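Okay, so here's the structure we're looking at.
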Amino acid sequence: MSETSGAAVEVVRYETRGPVAVVTMNRPEYRNAQNSAMTYALDDAFYRAAADDEVKVIVLAGAGKHFSAGHDIGTPGRDVDSSFDRRAGLWWDHVGKAGVDSRYARESEVYLGMCRRWRELPKPTIAMVQGACVAGGLMLAWACDLIVASDDAFFADPVVRMGIPGVEYFAHPWVLGPRFAKEFLFTGDRMPAARAAELGMVNRVVARDDLEAEVMGLAARIAQMPRLGLALTKKAVNQAEDLMGLRDGMDAVFGLHHAAHAHNAEVGTDSLGGQDARSMRDAARREA
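Residue numbers (full-length UniProt numbering): 1 to 288.
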């Protein structure tokens with residue numbers, strides 16, 4: 001059975017393959033940059049998979065060459081000034097507000113709040129990563145329980161170039177360890193999939209042509225386990241991770257993140273330190 005997710009036919013695809021739901025980001029022409037329309041379409045799809053008793057495992061994928069290039073900070077579909085029905089928290093609508101009154105409310109909802117919401121989904125989730133998994137793309141992958149990557153995948157969080165201490169869902173010290181998290185952020189370098197596997201951020205690395213078969217085989221194997229056992233095991237590990245400080249750490253860094261946005265807006269031309277997707281990409285190429 002193959003169907004689309006809600007009204008956002010163009011940005012997310014939803015299908016089931018036996019006990020596995022496959023949720024596919026579908027903006028390949030923009031490397032699956034995540035605008036708010038995609039965020040809420042993803043939430044629709046995850047909610048649908050959670051509510052379907054036939055679904056045991058959920059796979060998150062990206063159409064085309066790349067998993068996700070991150071937040072949409074410059075495509076024609078950027079919808080930062082659009083209102084959506086809020087689901088991840090009780091902050092007010094950011095539209096029509098100024099400065100932190102707008103940014104903090106929006107990012108609490110569509111970035112930090114949504115990723116936390118998806119992390120708590122009571123069914124195992126697998127990120128199937130190829131090509132770029134950058135900044136906001138990292139957040140989508142990190143919110144999943146397992147990551148399987150193709151051998152041409154790479155990971156990066158270059159937002160320190162904006163003067164910002166990492167993306168909103170700040171899981172870096174927990175997925176990489178403190179020292180490698182610092183190197184990853186300080187340099188903004190791309191981390192190849194093989195290195196990510198060495199550091200424990202990625203579960204498996206396979207050839208690009210084998211990626212889908214590997215992920216679907218793993219999902220099918222997991223789907224043989226009892227649903228409640230999987231849900232309780234996931235909750236147990238998440239709780240242990242939170243006891244290691246993940247949730248509190250994210251809350252603390254989220255404040256620093258917004259202090260950086262506010263500083264940029266106060267001393268410069270915008271909250272992104274004058275950077276956009278093109279300038280970030282060009283700087284990375286110059287330094288490679």
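Built from N, CA and C at the ideal position, the CB exists for glycine as well. The structure displayed is predicted, hence computed values, not measured ones.
Decide if Q34 is buried, meaning its Cβ has at least 16 other Cβ atoms within 10 Å, or exposed.
In summary, Q34 is buried, with 16 or more beta-carbon neighbours lying within 10 Å of its beta-carbon over all protein chains present.
If you drop the 5 nearest sequence neighbours on each side, which residues of the same chain put their C-beta closer than 6 angstroms to that of G77?
For G77, same chain residues with a beta-carbon under 6 angstroms away, outside a window of 5 residues either side, are N35 in chain order.
Start-end ranges of the beta strand (DSSP E) lying completely within the segment 178-235, minimum 3 residues
Those beta strand (DSSP E) runs which fall completely within the segment 178-235 and span 3+ residues are 204-206.
How many angstroms separate the CA atom of L211 from the CA atom of T125?
Those two C-alpha atoms are separated by around 16 angstroms.
Between W154 and the rest of its own chain, which residues show a CB-CB distance below 6 angstroms, the 5 nearest in sequence each way excluded?
At residue 154 the sequence reads Phe, which differs from the Trp that was named. Here the set comprises R190, P192.
Kindly list the residues whose CB is nearer than 7 angstroms to the CB of N203, restricted to its own chain and excluding five residues on each side of it in sequence; keep chain order.
Excluding sequence neighbours, N203 sits near L146, I147, V148.
Among residues of its own chain, excluding the 5 on either side of P28, which ones have a beta-carbon nearer than 8 angstroms to its beta-carbon?
Excluding the 5 residues flanking it on each side, P28 has same chain C-beta neighbours closer than 8 angstroms at G62, A63, G64, K65, H66, in chain order.
Just to confirm the assignment, what range does the beta strand (DSSP E) spanning Y14 have?
Unbroken beta strand (DSSP E) run through Y14: 12-17.
Does the pairing of the segment 112-130 with the segment 175-188 give three or more beta-carbon distances under 8 angstroms?
The segment 112-130 makes no contact with the segment 175-188, as fewer than three CB pairs between them are under 8 angstroms.
Of all the options E266, K123, N264, A259, which has the alpha carbon lying nearest to the alpha carbon of M225?
Restricting attention to E266, K123, N264, A259, the CA atom closest to the CA of M225 is found in K123.
Beta-carbon proximity check, V159 vs A143, cutoff 7 angstroms
Contact: no.
Using C-beta distances below 7 angstroms, list every residue in its chain close to K234, excluding the 5 sequence neighbours before and after it, in chain order.
Closer than 7 angstroms at Cβ, skipping near neighbours: P122, P124, D145.
For D101 and V20, I'd like the C-alpha separation in whole angstroms.
The straight-line gap from Cα to Cα measures roughly 40 angstroms.
Per DSSP, C115 is paired with what?
Bridge partners of C115: none, in fact.
Which partner residues does H71 have in the DSSP bridge list?
According to DSSP, which records beta bridges pairwise, H71 is partnered with Q34.
Going by beta carbon distance, what residues of the same chain come within less than 7 angstroms of F180, once the five residues before and after it are set aside?
Around F180: L199.
Could you have a look at N60 and say whether DSSP puts it in helix, strand or coil?
At residue 60 the sequence reads Leu, which differs from the Asn that was named. Note: L60 maps to strand in three-state DSSP.
Top-ranked residue by Cα proximity to R220, from T16, V11, E10
Note that residue 220 is Ala in the sequence shown, not Arg. Answer by Cα proximity: T16.
Quick one: using the 10 Å Cβ neighbour count with 16 as the cut-off for buried, is S5 buried or exposed?
Confidence in S5 is poor, its pLDDT being 45 and thus under 50, which makes the residue's placement unreliable; the coordinate value appears in the next sentence. Burial call: buried.
Okay, do the segment 81-94 and the segment 244-256 touch, 3+ Cβ pairs below 8 angstroms being the bar?
Touching, no.
What is the DSSP secondary structure of V80, reduced to helix, strand or coil?
V80: coil per DSSP, three-state reduction.
For S150, three-class secondary structure by DSSP:
S150 carries a strand assignment under DSSP once its states are collapsed to helix, strand and coil.
Start and end of the beta strand (DSSP E) containing A132?
Element bounds for A132: 132-134.
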